[in-house]
Amino acid sequence: MHPALALLEFESVAAGIVAGDLMVKRGPVAELLAGTVHPGHYLVMVVGTVGDVEEAIAAGREASPAALIDEVFLPDVHPDVIGAIHGTRVAGAGEALGVIETHTVAATIEAADAGVKGAHVFLMEVNLADGLGGRAYALFTGAVPDVAAAVSIGAGRVTPAKLIGAVVIPQLHGEMGNNLLAARHFGVRLGRGDATR
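The sequence shown maps to residues 34 to 230 in the working numbering.
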């Protein structure tokens, strides 16, 4: 069984820090990651056993309920999702590309997990809010019907108010594929350095 993962997304840095502190104090978790993302939001993610993560997420909710924008709890998170959160990017070798874009990081993580569990696809990457004004997206690759299934399943886990777009692109052009594998930010692609500001 894979570990459990929970992520809380706050609209206030102060509220997020308070929540993160209480989450890790509530019980032992294998990993706590916390920090800021655009546009001034604060993320707190914990990974561990189901019971420990449930305790941690309850503490985080109680700490700062008014500032909580979104949350996700995955009791059996797919290992590719954890890898993607940590920055692992998989080269797209499939015949189709799937994109799910959401207004929150939590919604994208939930969609990515559902999509990669529900269909025979590769999770190429997840991009979590920085340089996107708080938005996030997940990319899938594989055979056209599998990518279509992953996008349908993943987008189905996102409320309409949080879903920006869900598309399947068959036969992605090589130039577009090369750009997806390169630096994500347009300014960086132009040679202007860190364009996330």
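Yeah, the Cβ is synthetic: ideal placement off N, Cα and C, and Gly gets one too.
The model shown is predicted, which means the values in this text are computed figures rather than measured ones.
Candidates the options: closest to residue i by CA position
i, options, result
"E104", "E42, P72, M56", "E42"
"L161", "E143, G53, M209", "E143"
"P193", "G167, A140, A39", "A140"
"G210", "F106, R122, E134", "R122"
"A171", "G224, I133, N212", "I133"
"P108", "P98, V83, V77", "V83"
Residue i at chain B interface by Cβ criterion, 9 Å
i, result
"A100", "No chain B is present in this structure, which holds just one protein chain."
Neighbourhood of residue i by C-beta, 6 Å cutoff - its chain only, sequence neighbours within 5 removed
i, result
"L65", "V57, V79"
"A11", "One cannot answer for residue 11 here, as it falls past the ends of the chain, which runs 34 to 230."
"A100", "F43, E44, S45, A48"
Rounded Cβ spacing between residue i and residue j (contact assumed at less than 8 Å)
i, j, result
"A145", "G187", "6 Å"
"V15", "L38", "Because residue 15 is not part of the residues shown, which for the chain are 34 to 230, the question remains open."
"A183", "T137", "In fact, because the Cβ distance is near 19 Å, the residues do not count as touching under 8 Å."
Close Cβ partners of residue i (< 7 Å) along its chain, the five nearest in sequence each way excluded
i, result
"P85", "Sequence inspection shows Asp at residue 85; the Pro mentioned does not correspond to that position. Contacts found: G60, P61, V62."
"K150", "H111"
Same chain, Cβ closer than 8 Å to residue i, five either side skipped, listed in chain order
i, result
"I50", "A67, Y75"
Next on the checklist: For a minimum of 4 consecutive residues, which ranges assigned as the alpha helix (DSSP H) are wholly contained in the region 134-209?
Outcome noted: Within the region 134-209, the alpha helix (DSSP H) runs of at least 4 residues that lie entirely inside it are, in chain order, 138-151, 177-189.
Next on the checklist: Across the region 119-139 and the region 197-205, are there enough close Cβ pairs to call them in contact, namely three or more that are closer than 8 Å?
Outcome noted: The region 119-139 vs the region 197-205: in contact.
Next on the checklist: Just to confirm the assignment: which complete alpha helix (DSSP H) runs, minimum length 4, are found wholly within the region 53-98?
Outcome noted: Complete alpha helix (DSSP H) runs here, min 4: 83-96.
Checklist entry - Per the contact definition of three or more C-beta pairs closer than 8 Å, is the region 49-56 in contact with the region 109-119? => result Below 8 Å, too few C-beta pairs join the region 109-119 and the region 49-56 to call them touching: fewer than three.
Checklist entry - How about the region 86-95 and the region 165-176: do they share at least three Cβ pairs that are nearer than 8 Å? => result Result no; under three Cβ-Cβ pairs closer than 8 Å.
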